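Counting in the numbering used here, the final residue of the sequence shown is number 187, and the numbers go up one at a time with none missing.
To keep things clear, I will list the structure first and then write my remarks on it.
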Amino acid sequence: MSNHIPTPSMDTGAIPIIPESVRQESRNQKPRATETVKVPTQIKVLIAASFLIALGYGLVAPVLPGFARSFDVGAMAATFVVSAFALSRLAFAPASGRLISRFGERRIYSAGLIIVGLGSIGAGLSVNYPMLIASRIVGGTGSVMFTVAAMGILVRNSPPTIRGKVSGYFATSFLLGNILGPVLGA
């Protein structure tokens with residue numbers, strides 16, 4: 002039996018059942034009361050990066066509608082600048098999973114970070130409204146690539162006994178970045 006963990010089917014999108022060997026591994030590795038399992042450094046880096054990406058997104062969110070209005074667009078179009086990022090994340094999430102299955106988590110993680118950075122630079126340098134929207138869509142696409150890949154890396158590299166805790170840290174870091182960013186950016 003191979004150690005390969007199945008991924009969602011490219012044809013149907015169905016998520017296969019976790020193989021018994023993987024479930025057994027998780028059951029057999031429960032920590033003893035006196036045992037302390039440390040969070041690996043690689044996972045700490047993922048958690049910190051998640052916080053920084055979300056913080057960066059949140060920092061610019063309050064100023065984006067005003068920036069968009071400088072291009073003589075109405076209030077609805079100005080607020081769409083913030084929504085474009087989230088909509089592209091939503092639309093590109095399934096494709097991110099397929100890219101990870103094809104090219105691997107680390108490559109897509111790195112590509113996502115680069116793409117979100119390029120989208121942010123493009124947004125800051127936008128000379129018109131369509132360029133701003135396009136840059137936000139690019140940024141959202143990179144953001145979801147980074148996030149989906151990071152979760153895969155996190156699960157794969159976390160000791161089974163602390164996967165839940167580490168997943169909670171990851172989610173918390175992202176949410177804290179989303180909360181603190183707008184406060185600091187306002």
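Glycine included, C-beta positions come from ideal geometry on N, C-alpha and C.
Here the structure is a predicted model, which means the values were calculated and not measured.
Considering only the alpha carbon of each residue, which of Ser97, Pro63 and Arg90 lies closest to Gly153? Position 152 of the sequence shown, counting from 1, holds the residue named residue 153. Among Ser97, Pro63 and Arg90, the Cα nearest to that of Gly153 belongs to Ser97.
Going by the CB atoms, is the gap between Ser89 and Ile122 shorter than 8 angstroms? Position 121 of the sequence shown, counted from the first residue, corresponds to residue 122. Position 88 of the sequence shown, counted from the first residue, corresponds to residue 89. Cβ atoms of Ile122 and Ser89: not closer than 8 angstroms.
Among Ile54, Thr42, Phe81 and Leu47, nearest to Gly182 - alpha-carbon criterion: Position 181 of the sequence shown holds residue 182. By alpha-carbon distance to Gly182, the top candidate from Ile54, Thr42, Phe81 and Leu47 is Ile54.
Grouping DSSP H, G and I as helix and E and B as strand, with all else coil, what is Ala62? The residue labelled residue 62 in the question sits at position 61 within the sequence shown. Of the three classes helix, strand and coil, the one that applies to Ala62 here is coil, per DSSP.
Restricting to Cα atoms, I'd like to know which of Met146, Tyr170 and Ser159 is closest to Ala92. Counting from one through the sequence shown, the residue named residue 92 turns up at place 91. Closest option to Ala92, Cα to Cα, is Met146.
Phe72 beta carbon less than 8 angstroms from that of Tyr130: To locate residue 130, count along the sequence shown from 1; it is residue 129. To locate residue 72, count along the sequence shown from 1; it is residue 71. Against a cut-off of 8 angstroms, the Cβ pair of Phe72 and Tyr130 comes out as a contact.
With distance defined between alpha-carbon atoms, name the residue in Leu47, Gly141, Leu176 and Ser168 nearest to Leu119. Working through the sequence shown from its first residue, we reach residue 119 at position 118. The option with the nearest alpha carbon to Leu119 is Gly141.
Buried or exposed: Val184, going by 16 or more other Cβ atoms within 10 Å of its Cβ? Reading the sequence shown from its first residue, position 183 is the one you call residue 184. It counts as exposed.
Given a cut-off of 8 angstroms on the beta-carbon distance, is the pair Ala76 and Gly186 in contact? The residue labelled residue 76 in the question sits at position 75 within the sequence shown. The residue labelled residue 186 in the question sits at position 185 within the sequence shown. No, the pair does not count as a contact, with Cβ atoms beyond the cut-off.
Measuring straight from C-alpha to C-alpha, what distance separates Gly57 and Val38? Indexing the sequence shown from 1 puts residue 57 at position 56. Indexing the sequence shown from 1 puts residue 38 at position 37. Between Gly57 and Val38, the alpha-carbon positions lie close to 31 angstroms from each other.
Which of helix, strand or coil DSSP assigns to Asn129: If you number the sequence shown from 1, residue 129 lands on position 128. When secondary structure is reduced to three states using DSSP, Asn129 falls in the coil class, being assigned neither helix nor strand.
Close-in-space but distant-in-sequence residues of the same chain around Leu100 (CB under 6 angstroms, 5 per side omitted): Reading the sequence shown from its first residue, position 99 is the one you call residue 100. Only Ile109 meet the Cβ criterion.
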